[in-house]
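Chemist: Residues are numbered in the working numbering as their position in the sequence shown, beginning at 1, plus a constant of 16.
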Amino acid sequence: MMKFNIYILQKKAEPVYQQAMDEYLKRLQAYGNVSVNYIKNDKQMKKNVEKGGKKFLVVPGKKSKTSPEFAETIKDLSVQGESELNFYIGNISEPLEQLNISSFSMNTSLTVVVLLEQIYRAYRIINNQPYHK
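#1: When the distance is taken between beta carbons, is residue 138 closer than 8 Å to residue 87?
#2: Looking only at DSSP bridge pairs, what is residue 53 linked to?
#3: Assess contact between the region 116 to 133 and the region 19 to 32, defined as three or more Cβ pairs (one per stretch) separated by less than 8 Å. Is contact present?
#4: For the beta strand (DSSP E) containing residue 103, name the first residue and the last one.
#5: Just confirm the distance between the C-beta atoms of residue 98 and residue 81, as a whole number of angstroms; I'd bet it's less than 8 Å.
#6: At which residue ranges does the region 55 to 98 contain complete beta strand (DSSP E) runs of 3 or more residues, listed in the order of the chain?
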């Protein structure tokens, strides 16, 4: 099973977004181990960046991946032997591969919700399962 670590440079999620995060974290249990980690400062974030696994900096951008493209990325990384994917959200100075999940600028907590939803959707695509129940 793939392990997904999401690191956020903020103290905690706003309550309005926490409920959505909890729902996607529950749904994702069937596909992998997903953790959302709140990091207080740049120094702690840098320490987490130094850990192993494939790393992505989640940023807004003009060229965002479609859901099928993101699913293909996860599938390809899994086939290549990657077992841990790390996503960093926040102002990070480390040179990391960028992942654009939307062309819109979003608040950090909403970015986490969108990322969790896209990971969930990717696994539904990979497993040829309908998205909506």
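Note that CB positions come from ideal geometry on N, CA and C, so glycine has one too.
The structure presented is a predicted model; accordingly, all values stated were derived computationally and were not measured.
Modeler: Considering the structure as presented:
#1: Position 71 of the sequence shown, counting from 1, holds the residue named residue 87. Position 122 of the sequence shown, counting from 1, holds the residue named residue 138. Yes; because the gap between Cβ atoms is below 8 Å, this pair is in contact.
#2: One-based indexing of the sequence shown puts residue 53 at position 37. Its beta-bridge partners are 23.
#3: yes
#4: Here the question's residue 103 lines up with position 87 in the sequence shown. Its beta strand (DSSP E) spans residues 100 to 105.
#5: Start at 1 with the first residue of the sequence shown, and residue 98 comes out as number 82. Start at 1 with the first residue of the sequence shown, and residue 81 comes out as number 65. Actually they are not in contact, since the Cβ atoms of residue 98 and residue 81 sit about 17 Å apart, beyond 8 Å.
#6: 70 to 75
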